Ligand SMILES: [Zn+2]
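Numbering (the numbering used here), first residue to last: 645 to 1146.
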């Protein structure tokens, strides 16, 4: 029997919104990270366009017809400006409407996007897509695991597939799974039905260590058996003050298999309780700046590799500005040498370095410009070691990520030896090549400070004697009782010791 040719639409709209961040997300933020108007797959893959490349490749290999629409993404920051969200959404919908009728729609979303007037952008978008494509077309979306999985999203999509790994090393594996699942559904081979359970907590889970590492393996082992198509763990994004913030499990079953939906429901409930049980053991241990430096110096003295300190709270990937100086201030006070710290988002300082050129010395005011979560600006005497234009680093998914113009400076105030990397484009540190690309020898450093919460881990763990997480008063504060949510019902840990008890 000849296989049906599917009409497929691919596109997306993605950003992660830290509603506590001082930076609004406007059109320029999308333009900087990339607005692709149907041409994402004609250009080299980036973090948020790589799934579209994969979907096109797989669909065309099977003889299906691909229509590509808008794909826009922005670096995480504060709420997206209302008219910016509406105009990007409407452009995506207009492209989709022009491609009707469709058998299948695959969207690359984040899952924690908030705009002024829209606490659930993905729910709004998926509902509008469903209205256009009708009840029978298959609608699938790939999500970051740091998502708010809302009922509106679930009601309108046939399949939501979230990354399983943090750092997100599996974005393409999940893209392929979403494609296969939706293709099978569009061809009538399966009928995906989802059952979700609230884990009743707001927390952080690094899948590079136990117990979350084994939980990922457990989810994967459950998939493909007894009509269970996919098991998802949305960790949630604790920096979004929205009604449905929090961790959730959702299990996709094949309703064509007897009893599968009931099994999915039971499994979701069981796994949600398992997540709750690992809440304390999963909590990342973070040190204050003084303890972290003491520990790093002690360990670096006996190691031939640097100790890596994560400036978790000033992670641009969580919506922080990326110009906080809390750790830098401490490095200066202790007059430490053989230290490199980055990436500071400071386009003004970068422009001044470009003006004076390589090898120049200059007085620079660095960092501390974006608000109280950035600390104080520091006035430093600097030597410009290197300047790079159109500078890039490798991200955790293996794609190249833009940093704009970047400079390598040496701070001379304490006799030198303290190195900084500044960039004009805001980004967390993903990979050692963010430093080595400017000629910095990381093996010669005692301490490497990276502005990132966890995505750096994949690249830096192999070159580190030790990785330490540091807590400062930055914009990405650890989720916990100190956060004040105004919209979520008070049925979650750590606000309530045991929200499962009736
Ligand atoms: Zn994420």
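Backbone N, C-alpha and C fix where the C-beta goes; we use that ideal spot for every residue, glycine too. All values reported here derive from a predicted model rather than from experimental measurement.
Residue i: CB within 7 Å of a non-hydrogen atom of ligand 1
i, result
"residue 788", "yes"
"residue 812", "yes"
Nearest to residue i (by Cα), restricted to the options the options
i, options, result
"residue 908", "874, 1082, 932, 1143", "874"
"residue 736", "725, 752, 722, 688", "752"
"residue 1087", "1094, 1109, 1096, 1097", "1109"
"residue 1091", "1085, 773, 951, 1081", "951"
"residue 981", "764, 1062, 681, 1050", "1062"
"residue 1069", "1085, 1101, 851, 1036", "1036"
"residue 812", "1102, 1051, 984", "1102"
"residue 785", "779, 760, 762, 820", "820"
"residue 760", "726, 846, 710, 939", "726"
"residue 991", "944, 1050, 946, 949", "1050"
"residue 979", "924, 1059, 694", "1059"
"residue 889", "847, 682, 906, 852", "847"
"residue 722", "662, 1118, 866, 1010", "662"
"residue 1096", "1111, 787, 1107", "1111"
"residue 826", "664, 803, 1012", "803"
"residue 1076", "1056, 984, 1034, 1133", "984"
"residue 882", "1132, 859, 647, 841", "1132"
Close-in-space but distant-in-sequence residues of the same chain around residue i (CB under 6 Å, 5 per side omitted)
i, result
"residue 1124", "Its pLDDT being 47, under 50, residue 1124 is placed unreliably by the model, and the measurement read from it follows with that caveat. The residues are 1138."
"residue 739", "713, 714"
"residue 1152", "Absent from the structure is residue 1152, since the part of the chain shown begins at 645 and ends at 1146."
"residue 746", "651, 653, 777, 781"
"residue 716", "657, 674, 679, 732"
"residue 1128", "none"
"residue 839", "895, 908, 909, 912"
"residue 689", "697, 1043"
Own chain residues within Cβ distance below 7 Å of residue i, not counting five before or after
i, result
"residue 1114", "930, 931, 933, 936, 953, 954, 955, 956, 971"
"residue 1071", "719, 960, 987, 1045, 1047"
"residue 834", "828, 873, 898, 900"
"residue 1142", "none"
"residue 850", "810, 856, 928, 1098"
"residue 729", "759, 762, 765"
"residue 863", "808, 875, 877"
"residue 783", "749, 770, 773, 774, 777, 800, 801, 802"
"residue 677", "717, 718, 719"
Beta-bridge pairing of residue i - partner residues as DSSP gives them
i, result
"residue 1138", "Beta-bridge pairing links residue 1138 to no other residue."
"residue 693", "The partner list for residue 693 (beta bridge, DSSP) is empty, contrary to what the question assumes."
"residue 1114", "931, 955"
"residue 653", "711, 749"
"residue 840", "894"
"residue 1063", "984, 1054"
"residue 877", "893"
"residue 1026", "1006, 1055"
"residue 787", "806"
"residue 845", "1137"
"residue 680", "715"
Cutoff 8 Å; reference residue i; Cβ partners in own chain excluding five residues on either side
i, result
"residue 1006", "996, 997, 1000, 1025, 1026, 1028"
"residue 1130", "885"
"residue 1002", "1028, 1029, 1030, 1031"
Any chain B beta carbon closer than 8 Å to residue i
i, result
"residue 744", "Looking for chain B here will not work: only one protein chain is present."
Are there three or more Cβ pairs, one per stretch, closer than 8 Å when the stretch 965-973 is compared with the stretch 1012-1032?
yes
Assess contact between the stretch 909-921 and the stretch 989-1008, defined as three or more Cβ pairs (one per stretch) separated by less than 8 Å. Is contact present?
no
Could you check whether the stretch 799-819 touches the stretch 1030-1045, counting it as contact only if at least three pairs of C-beta atoms, one from each stretch, sit closer than 8 Å?
yes
Touch test, the stretch 752-766 against the stretch 782-798, Cβ-Cβ under 8 Å, three pairs minimum:
yes
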